[in-house]
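The sequence shown begins at 76 in my numbering and counts up one residue at a time. Even for Gly, the Cβ is constructed at its ideal location relative to N, Cα and C. This one's a predicted model, so the numbers in the text were calculated from it and none came from an experiment. For reference, the structure is listed below as structure tokens.
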Amino acid sequence: METQQGRHNRADAMLRSRTFFQETGVSGFLHRAFIKSMGYDDLDVDRPVIGICNTWSELNNCHGNFPELIKAVRRGVLQAGGLPLEFPTISLGEIFLNPTSMFLRNLAAMDTEEMIRSQPLDGVVLLVNCDKTIPAAIMGALSADLPSIVLSGGPMLNGHFKGQTLGACSDCRRLTAEYQAGTLSAEDYAAVEDGIVRSQGHCMVMGTASTMNCMCEALGISLPGNGATPAVDSRRLRLGVAAGRRIVELARTEVRPSDILSRASFENAITLLCSLGGSTNAVVHLCAIARRMGLALDLELFDSISRRTPMLTSLRPSGDYQMEELFEAGGVSVILRQLLPLLHGDALTVTGRTLGENVADAPEPDGVVTARLDQPFQPEGGLAVLKGNLAPKGAVIKHSAASPALMQHTGRALVFRDYNDLQRRIHAPDLDVGPHDVLVLQNSGPVGGPGMPEIGNLPIPHKLLQQGVRDMVRISDARMSGTAFGTIVLHVSPESAVGGPLALVVDGDLVELDVSGRRLELKVPESELARRRASWTVPKPDFDRGYGQLFLEHVTQADEGCDFDFLHGRTPVKAVEQPKL
Ligand code: FES
76 METQQGRHNR
86 ADAMLRSRTF
96 FQETGVSGFL
106 HRAFIKSMGY
116 DDLDVDRPVI
126 GICNTWSELN
136 NCHGNFPELI
146 KAVRRGVLQA
156 GGLPLEFPTI
166 SLGEIFLNPT
176 SMFLRNLAAM
186 DTEEMIRSQP
196 LDGVVLLVNC
206 DKTIPAAIMG
216 ALSADLPSIV
226 LSGGPMLNGH
236 FKGQTLGACS
246 DCRRLTAEYQ
256 AGTLSAEDYA
266 AVEDGIVRSQ
276 GHCMVMGTAS
286 TMNCMCEALG
296 ISLPGNGATP
306 AVDSRRLRLG
316 VAAGRRIVEL
326 ARTEVRPSDI
336 LSRASFENAI
346 TLLCSLGGST
356 NAVVHLCAIA
366 RRMGLALDLE
376 LFDSISRRTP
386 MLTSLRPSGD
396 YQMEELFEAG
406 GVSVILRQLL
416 PLLHGDALTV
426 TGRTLGENVA
436 DAPEPDGVVT
446 ARLDQPFQPE
456 GGLAVLKGNL
466 APKGAVIKHS
476 AASPALMQHT
486 GRALVFRDYN
496 DLQRRIHAPD
506 LDVGPHDVLV
516 LQNSGPVGGP
526 GMPEIGNLPI
536 PHKLLQQGVR
546 DMVRISDARM
556 SGTAFGTIVL
566 HVSPESAVGG
576 PLALVVDGDL
586 VELDVSGRRL
596 ELKVPESELA
606 RRRASWTVPK
616 PDFDRGYGQL
626 FLEHVTQADE
636 GCDFDFLHGR
646 TPVKAVEQPK
656 L
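This is the structure:
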């Protein structure tokens, strides 16, 4: 019977990195000579070469624990007989990027794909954490299709203020509105600012980063524990060691992302998304990732899964708790185990086991943060997909974080032409606005934004805040942060900047939102809309050169994932043909 060492030797003889380091011509000589300049020898390159794709930067607060986490991954790779080599790709931190990190997601995905493709690697651990780094890494790794594991940096600890738990950044918005309404003092507002972001890690409510990192477990592309283990918990480091060990085995057995991701695993991820009350941004990202597999995920699939999937967590902004409490309650595995009757439990994961096997020993729900499938917090998932003459290709609402009283609402449109117009007028004392009006924002989609910025949660006008109004129906072709809340219709497609019906709305039009009927209608006769369409002109593009121009020419609409049209699909890496010099 073959020993483990014998099996490894046989597997290692087939490694892609051998075509770099053991080629007999001058190319192999150059590769060996130059890697020796860094202190490595022949034994080092005679083993699986594992890339650690590092998205750290000093301008990305969410990735602060990466230096320690990378040491842990390295240890795991070495333990399993691999050679860890770290390489950088661009770092997308949500807070400091302008106009929006989403504008750069596809650039990061291209960076990841091409660096994986062009370097002498046999497998990759993808270190991610802040929102866009997660889909970007998966999109790039899937298109390159080299064995890969996603490892997130983990969520922040809870913030605190006068005995309250604070969540970044649901409370950033909620308490800013209270400060603007005059119900929170300047001193308390400053104390909130000091105490809300208390540790390294990504935002700790069920925002986009939490959602995507949890969904990696359901997709099967990360190890169990990836979603909820806090950034500063030593178990996060031990998860890094385990990921390092595991990627070496995946490289030896050539288990690629395309062996893990499938229609079944996407349906598993959507089911988890709905049961978590996860971020609307995940809809866009999952559509983009799936198209790298040649899969088109219809928005109707999200809606039908949401209707049949109960909410099994009470996590902000839809519920009461945060990632730290989810971790203490047993993490994502608790939810996945409850959801098994609704999942494809036989889907393969990077552990080498099925999703069902991964979560078989997960603890029972506590009934506070997590719920049993037969005793859910809400009978349906948190997302709904709307269609109608205002959104022929769909729009999305997170109704779990919206006001029940506004789920069926008809109101007078108050239209803002773009973000600058919104900034200029929204808080004007003489703004003609009432609490039943519908705030509409145009030109904020993938092309119009550009980059579909997270400005869909239009602020409530000050004059209404002071009257006690805290929510209104708001509609746009933008996105919103997963940490935001309110009755907010997003991702209207096609967007206004390419001539979608949203571009035709004017002040005073009646707009009908019917969430249970899944409808979004502009109550204007078709003959009048045709007249407005005939006089509509294409807005001046924001860029006439460089990456911006590439973006405007190739970005797809929200219902297709906002990827570049030329990036759909995969070109799997092969053993590299070295030029015979
Ligand atoms: Fe990175 Fe919130 S700023 S996840």
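Contact test: residue i Cβ vs ligand 1 heavy atom, cutoff 6 Å
i	result
Ile530	no
Ile170	yes
Ala668	Because the chain here runs from 76 to 656, residue 668 falls outside it and cannot be looked at.
Cys289	no
His277	yes
Cys205	yes
Cys637	no
Ala284	yes
Cys137	yes
Alpha-carbon spacing of residue i relative to residue j, whole angstroms
i	j	result
Lys655	Gln97	Unreliable placement is indicated for Lys655, whose pLDDT of 49 sits below 50; the coordinate value is still reported in the next sentence. When rounded, the distance between both Cα atoms is 13 Å.
Leu401	Leu506	43 Å
Gly543	Cys205	34 Å
Gly257	Leu533	19 Å
Asp436	Gly319	23 Å
Gln194	Val148	19 Å
Ala422	Leu458	24 Å
Arg593	Pro600	20 Å
Leu376	Asp269	42 Å
Asn288	Gly229	8 Å
Thr702	Arg82	One cannot answer for residue 702 here, as it falls past the ends of the chain, which runs 76 to 656.
Gly644	Arg500	43 Å
Ala446	Pro647	41 Å
Gly520	Gln255	28 Å
Leu294	Ser260	45 Å
Glu432	Ser297	14 Å
Gly623	Ile472	29 Å
Thr251	Val267	10 Å
Leu551	Leu415	A small correction: the amino acid at residue 551 is Ser; Leu does not occupy that position in the sequence shown. Those two C-alpha atoms are separated by around 35 Å.
Val152	Val323	6 Å
Ser571	Arg554	14 Å
Met398	Ala317	21 Å
Leu134	Leu387	35 Å
Arg310	Arg150	15 Å
Thr429	Asn495	50 Å
Phe300	Glu292	According to the sequence shown, residue 300 is Gly rather than Phe. Distance between the alpha carbons of Gly300 and Glu292 is about 8 Å.
Arg21	Val200	In the structure as shown, the chain starts at 76 and stops at 656, and residue 21 therefore has no counterpart that could be examined.
Leu217	Lys538	49 Å
Ala344	Leu579	36 Å
Buried/exposed call for residue i, threshold 16 Cβ in 10 Å
i	result
Pro454	exposed
Pro504	exposed
Val613	exposed
Gln541	exposed
Val581	exposed
Ala633	buried
Asp47	Not covered by the structure: residue 47. The range shown for the chain is 76 to 656.
Check: residue i C-beta below 6 Å from any heavy atom of ligand 3
i	result
Ser218	Questions concerning ligand 3 fall outside what the structure shown contains, since the ligands it does hold are ligand 1.
request  = Taking 8 Å as the threshold, find out whether the region 365-379 comes into contact with the region 332-348 through three or more Cβ pairs.
outcome  = With the cut-off at 8 Å, the region 365-379 and the region 332-348 touch.
inquiry  = Pairs of beta-carbons, one from the region 241-260 and one from the region 408-424, closer than 8 Å: are there three or more?
reply    = No, they do not touch.
task = Say whether the region 203-220 touches the region 168-185, bearing in mind that this needs 3 or more beta-carbon pairs closer than 8 Å, one atom from each stretch.
result = Short answer: they touch.
key: Stretch pair the region 580-597 + the region 484-491: three plus CB contacts closer than 8 Å   = A contact exists between the region 580-597 and the region 484-491.
message = Taking 8 Å as the cut-off, does the region 380-387 touch the region 353-362 (at least 3 CB pairs, one atom from each stretch)?
response = Contact fails: fewer than three Cβ-Cβ distances are below 8 Å.
task = Could you tell me whether the region 161-168 touches the region 615-632, where touching means 3 or more Cβ pairs closer than 8 Å?
result = Cβ pair count under 8 Å is below three, so no.
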